[in-house]
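See below for the structure under consideration.
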Amino acid sequence: MPPYGKNEVSPREGCDPTFDELPWYRAWVLQQVCSQPQRLLLSLPDFNPDEDPDYGPFFLVWNQIRELALVPGPKNINTITDALRSQGVISTEHNYEAAQSAKELVFSIIGWQTMLYKPDFSPHAVCGVAIEWVDSLSCHLELDKRTGRLFLYRYPSFCVSCLHQHESRKEGNHSSKSILHRCALEKPGPAPWATEEDVTGLLQEILLSYRLIFAVVERDEYDLAADFPHLRSRLARLHGYASGKKPRSIGQLWRDRRDSTAWLAFWSVLIFGSISVVLAGLQTVFQVLQYLEAKQGS
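The letter at position 61 of the sequence shown is residue 61 when you use UniProt numbering, and the numbering goes up by one with no holes.
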């Protein structure tokens, strides 16, 4: 049996009883894992799915997360990830991608264990846009029409940190100025260069764009010119690309709410059509019953 880290815990120790009670559950979990990008498992030490089809290291992490979640007291994704790292069941040393992957893995497993949400790190929108996470602020909301890929900045927390440092400096703490704001001009000058106000506005727009794209909205409508003065051209390009993509299947039409008229028409046909089918079926049943009753009477 391969080593499983410092504690060398077997995957069967503290095994989730749900796997024994629901025979289909393990196969469903494996199906969910296999549908995600391989980077989701970067933090599992020396794990190769081809050599370990039972996914032993993965289910070891699964069981440990379950045990940690059952311990009384407040906890979050970061504390659970740190606990797994200290136990040796995941490895993120000298690998930043693995550190990010570990948090995504914890988030995913909690979703699969509770079934309160379905994690998906390979999202495709109705309009056929594939999201690719990048590490560069300047690439945020760039759209490659040829491949249908939308590039999104991976770390919104960095934007929050820069904004917080800038606000702290405005309150008198000059040592906390963000290096990103330091690259900008304090006031507009003759050179075509961004000011600190421009940097702040861009960071705020990036944070707001996540709400818009992932439907975590504070309001129903946004004004491109007022709300996204820096990113409006990219959002307009994305909107034009999405508007040109029409749903080609019932599943896509089911999820597509861009065209409210078509969406309402679809639901109207579905509802009234279903009612018509049910009424027609009942009418047929009554006719058969009447025929049988008349036949018995004769």
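All C-beta atoms, glycine included, are put in the ideal place defined by N, C-alpha and C. Fair warning: this is a prediction, and the values are worked out from it, not measured in the lab.
In the displayed model, Leu152 falls within a strand according to three-state DSSP. Proximity to Arg234 across Phe214, Arg211, Ile206, Glu221 peaks at Ile206, based on C-alpha coordinates.
Rounded to the nearest angstrom, the gap between the Cα atoms of Glu167 and Ser86 is 35 angstroms. Three or more pairs of CB atoms, one per stretch, sit closer than 8 angstroms, so the stretch 98-110 contacts the stretch 39-48.
Looking only at Gln36, Leu22, Ala130, Ile65, the smallest Cα-Cα distance to Pro119 is reached by Gln36. Nearest in C-alpha terms to Ala242, of all of Trp193, Gly148, Leu224, is Gly148. If you draw a straight line from the Cα of Lys245 to the Cα of Ile131, it is about 16 angstroms long. The C-alpha of Ala99 is placed about 28 angstroms away from the C-alpha of Cys183. Residue burial annotation: Phe47 is buried, with at least 16 other C-beta atoms found within 10 angstroms of its C-beta. DSSP, reduced to helix, strand and coil, places Thr147 outside both helices and strands of the structure shown, so it counts as coil. Secondary structure of Glu167 (DSSP, three-state): helix.
Assigned with DSSP and collapsed to three states, Val134 falls in strand.
The criterion of a C-beta distance shorter than 8 angstroms is satisfied by Leu44 and Ile90.
With fewer than 16 other Cβ atoms from the protein chains shown falling within 10 Å of its own Cβ, Glu51 counts as exposed. Counting the other CB atoms within 10 Å of its CB gives Ser157 a total below 16, which places it among the exposed residues. Annotation: Cys183 is outside any alpha helix (DSSP H) and is labelled neither H nor E by DSSP.
The stretch 14-28 and the stretch 56-68 touch, with three or more beta-carbon pairs separated by less than 8 angstroms.
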